[in-house]
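Participant: I am attaching a structure below and will ask some questions about it afterwards.
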Amino acid sequence: MGMMTSSKLILLVDDEPSVLDATKTGLLDRGFNVRTVEGAEAAIGAIQSLKPSIIVSDLVMPGTNGFELLQAVRKQGEFSSIPFIFLTGVDDYYAKKFGKEIGGAAYITKPVDLDELESLLNEKLGAPNQI
């Protein structure tokens, strides 16, 4: 693997293990470097240790939701500009309400289209992913 690929770590955050597994497998198949965490609380600690290049997070989760995770991350200077991609239901109230208020975030509706996610990741990471 080239240095570019291995240095760009994607952190996937969701409260459903089946979604994490399916999305992770699809991205690994496409040559991405991926780690997963269940839930936003776990993600906050993982971000500190893993220092991901981008975060792909479910929006609606029990406990801390995706927007609250984004706000918590934005308060940490080191990660204040990390890009976020949110996974959301089509008629998600939160996405409609907060979508315009948040910088650096993109949205993908569930079920996740991996081709769409791949192109968004490449756009946000600023380089095509080649092994």
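The sequence shown begins at 2 in this note's numbering and counts up one residue at a time. The beta carbon of each residue, even a glycine, is placed where N, CA and C say it ideally should be.
Do you know offhand how far Ser50's Cα is from Asp92's?
Facilitator: 34 Å
Participant: Measure how close the beta-carbons of Ile86 and Ala107 come, nearest whole angstrom, since I'm counting them as under 8 Å.
Facilitator: 5 Å
Participant: Quick check on Asn34: does DSSP put it in helix, strand or coil?
Facilitator: Asn34: strand per DSSP, three-state reduction.
Participant: Consult DSSP for Asp15 and reduce its assignment to one of helix, strand or coil.
Facilitator: strand
Participant: With which residues is Val20 paired in a DSSP beta bridge?
Facilitator: Answer is none; Val20 lacks a bridge partner.
Participant: In this structure, does DSSP put Ser50 in helix, strand or coil?
Facilitator: helix
Participant: Decide if Leu29 is buried, meaning its Cβ has at least 16 other Cβ atoms within 10 Å, or exposed.
Facilitator: exposed
Participant: What did DSSP end up calling Val57 once you bin it into helix, strand or coil?
Facilitator: In this structure, DSSP gives Val57 an extended state, which the three-state scheme calls strand.
Participant: For Ile45, name the three-state secondary structure that DSSP assigns.
Facilitator: helix
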